[in-house]
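Report on the following structure.
Residue numbers (the working numbering), protein chains in the order written: chain A, 17 to 370; chain B, 4 to 349.
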């Protein structure tokens, strides 16, 4: 199903349930080489005041998901189906104009690279003012005062003079702050941060993560934090969704994912990264092989060609696609291994080596 | 494997310095106007002294703009130093011409950060990895093709991929191609400039393990340039922390990570996100204010004083020297942290 303009938006009960609910989302891109199934049956939800961390490697579909929520895919290029419910309103069925009204006001996005996400020709202040005036009926003067206030709020020094500076006159960390100010200018209920700190140095990264945390407390918005860095999600996220090849591999609270992960891919991610907080290990435990092509996703479990425990499933991993099922206490795992075996492998083989 | 003969004969000079650097300076001039007069200079590297020992991994860490990459390019003589000397195996190479440098390129090689731009897209893998033999006029035993295939196998690639082009490979595999090319002439010193930062975590671990295996097998010496402190801790024997063109702290890995002394090192380490939710509430993080100042006009005296929470008057007027405060641990700070107690450790 594609987005068409004549379909009417259907409202269900707003305010009830999670603020954002994604149900069986599929985003496919037809190309000359075949259909790229970037996202293929993904479901998750985020509540107000909570942070969902989406973790995965490049090509796992995390950015494509966030672009679909924001309605930023070019019409015609992507085939989107499933449901994206923002406060009860289905964004997949909504017209582009309706999504445009919501974008900026109810949902906003922070991009990875602030230099290419901001317009080089307009001053930072002008870009915030423009966004604010689209959604609010205020004079230029009021909007400018609001822009200065927002810049001050995100910690830009001397906001009165900085408001007239251009993006290239800001440092990397300040540009990221300015983009956060822009995203928050209309007080959105949902904030999507797509790799917000990847381009920044560690000391600046720490500042930006603190800022996002403080602002979320203040605005009580729902936040989706997309990153490949498990350290960053551990700092901020309440819940974590681990993605692999366009699908959810594991979902749980941050404590569940870090202390009792059950999916072999999550184990692999944890074993791949050297850690500052533990004794130095002699060797890292990488995941063998490389992520699959999204045109030719492996049959059955997409992770099975790289999985060390694939043999324990009795061949099911090669034939049947595992669903994301509840393993107890709202901890969802998409794996054919019996749960008792998963727990045992984690406890006896994986955890001691981390 | 084809490379076993290189590993002998080095055990007797194990702790010897392979490369020493003293007073190394690189300023990039900024020119303006019709006459292109020099109006200022980017002080990318400003007075470095260190040595790289045979067989070790020395890491250079720091934030963007601290001069770590420029240092790497100076060591491989891709840049001409403004002042100071670089000595490789007892020979001063600081101002050798390109022609004089060429025979030395066999011994000093570089691995680049971006595996997408450091491989020629119009050359096959065989041509890329075989290029060092061609340029150096070396005729390996059994022919270039056989040698290249041995290299590919060594770095974990399929030797049958000899005739493929770089675009047919993933990022991690491309980085392996770059490593195979680096190893072709059996170098002694490899400068690796952010070799894993462009790769996904799972692939990053594969390449880190590969670099460690190769070091052991071929008795390589690495200068590892990186910004990721967790990776650096994993790979290095010694670590030098840089800030605005200067080394602020240099120490053995254990000493640096257990007792960081320079406030900048302490702040850097506390800023690294840790994948453990229990730490989130417990640990205290040092928040550095602001950004790194411009290297065109760096702060006087101690360059870190503008962001340092311990800075006092003396930090603004007097530059701290890099002095040894613990065995194998040198720090440039007036008010270091984690000072050893009066009796030095056993």
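Glycine included, each C-beta is placed from N, C-alpha and C at the ideal position.
Nothing here was measured: the structure is a model prediction, and the numbers come from that model.
Can you tell me whether residue i is buried or exposed, with buried defined as 16 or more other CB within 10 angstroms of its CB?
i, result
"residue 91 of chain A", "exposed"
"residue 316 of chain B", "exposed"
"residue 47 of chain A", "exposed"
"residue 203 of chain A", "exposed"
"residue 79 of chain B", "buried"
"residue 58 of chain B", "buried"
"residue 225 of chain B", "buried"
"residue 295 of chain A", "exposed"
"residue 42 of chain A", "buried"
"residue 238 of chain A", "buried"
"residue 53 of chain A", "buried"
"residue 16 of chain B", "Note that residue 16 of chain B scores 39 on pLDDT, short of 50, meaning its location in the model is unreliable and no value can be drawn from it."
"residue 88 of chain A", "exposed"
"residue 231 of chain B", "buried"
Going straight from the alpha carbon of residue i to that of residue j, what length do you get?
i, j, result
"residue 217 of chain B", "residue 97 of chain A", "48 Å"
"residue 8 of chain B", "residue 189 of chain B", "Residue confidence for residue 8 of chain B is low, a pLDDT of 41 falling below 50, so the modelled location carries little weight; the figure read from the coordinates is stated next. Near 10 Å, if we compare the C-alpha coordinates of residue 189 of chain B and residue 8 of chain B."
"residue 362 of chain A", "residue 275 of chain A", "10 Å"
"residue 367 of chain A", "residue 210 of chain B", "22 Å"
"residue 165 of chain A", "residue 196 of chain A", "13 Å"
"residue 329 of chain A", "residue 231 of chain A", "45 Å"
"residue 186 of chain A", "residue 220 of chain A", "14 Å"
"residue 273 of chain A", "residue 34 of chain B", "54 Å"
"residue 76 of chain B", "residue 82 of chain B", "6 Å"
"residue 97 of chain B", "residue 289 of chain A", "37 Å"
"residue 9 of chain A", "residue 106 of chain A", "This structure cannot settle anything about residue 9 of chain A, because the visible part of chain A is limited to 17 through 370."
"residue 115 of chain A", "residue 84 of chain A", "11 Å"
"residue 56 of chain A", "residue 125 of chain B", "35 Å"
"residue 42 of chain B", "residue 299 of chain B", "11 Å"
"residue 140 of chain A", "residue 301 of chain B", "27 Å"
"residue 291 of chain B", "residue 101 of chain A", "40 Å"
"residue 259 of chain A", "residue 68 of chain A", "13 Å"
"residue 274 of chain B", "residue 218 of chain A", "6 Å"
"residue 142 of chain A", "residue 243 of chain A", "29 Å"
To the nearest whole angstrom, what separates the beta carbons of residue i and residue j, a pair I think is in contact under 8 Å?
i, j, result
"residue 233 of chain B", "residue 291 of chain A", "6 Å"
"residue 86 of chain B", "residue 45 of chain B", "Actually they do not touch by this definition, with Cβ atoms about 15 Å apart."
"residue 241 of chain A", "residue 252 of chain A", "6 Å"
"residue 172 of chain A", "residue 190 of chain A", "6 Å"
"residue 180 of chain B", "residue 157 of chain B", "With 8 Å as the limit, residue 180 of chain B and residue 157 of chain B do not qualify as a contact, their Cβ atoms being about 12 Å apart."
"residue 76 of chain A", "residue 262 of chain A", "7 Å"
"residue 242 of chain B", "residue 251 of chain B", "So it is not a contact: roughly 11 Å between Cβ atoms."
"residue 215 of chain A", "residue 188 of chain A", "6 Å"
"residue 250 of chain A", "residue 277 of chain B", "6 Å"
"residue 227 of chain B", "residue 60 of chain B", "6 Å"
"residue 131 of chain B", "residue 123 of chain B", "6 Å"
Could you confirm whether any beta carbon from chain A is found closer than 8 Å to the beta carbon of residue i?
i, result
"residue 209 of chain B", "yes"
"residue 232 of chain B", "yes"
"residue 269 of chain B", "no"
"residue 237 of chain B", "yes"
"residue 181 of chain B", "no"
"residue 175 of chain B", "yes"
"residue 161 of chain B", "no"
"residue 97 of chain B", "no"
"residue 279 of chain B", "yes"
"residue 147 of chain B", "no"
Determine, for residue i, whether the minimum Cβ-Cβ distance to residues of chain B falls below 8 Å.
i, result
"residue 81 of chain A", "no"
"residue 209 of chain A", "no"
"residue 220 of chain A", "yes"
"residue 223 of chain A", "yes"
"residue 228 of chain A", "no"
"residue 266 of chain A", "no"
"residue 301 of chain A", "yes"
"residue 50 of chain A", "no"
"residue 248 of chain A", "yes"
"residue 44 of chain A", "no"
"residue 58 of chain A", "no"
"residue 288 of chain A", "yes"
"residue 29 of chain A", "Because residue 29 of chain A carries a pLDDT of 46, less than 50, the predicted location of this residue cannot be relied on, and the following value inherits that uncertainty. By this cut-off, residue 29 of chain A is not an interface position."
"residue 180 of chain A", "no"
Using DSSP bridges, identify the partner residues of residue i.
i, result
"residue 260 of chain A", "A:263"
"residue 269 of chain A", "A:255"
"residue 289 of chain B", "Paired residues: none, contrary to the question."
"residue 30 of chain B", "B:46"
"residue 163 of chain A", "Residue 163 of chain A is not bridged to any residue."
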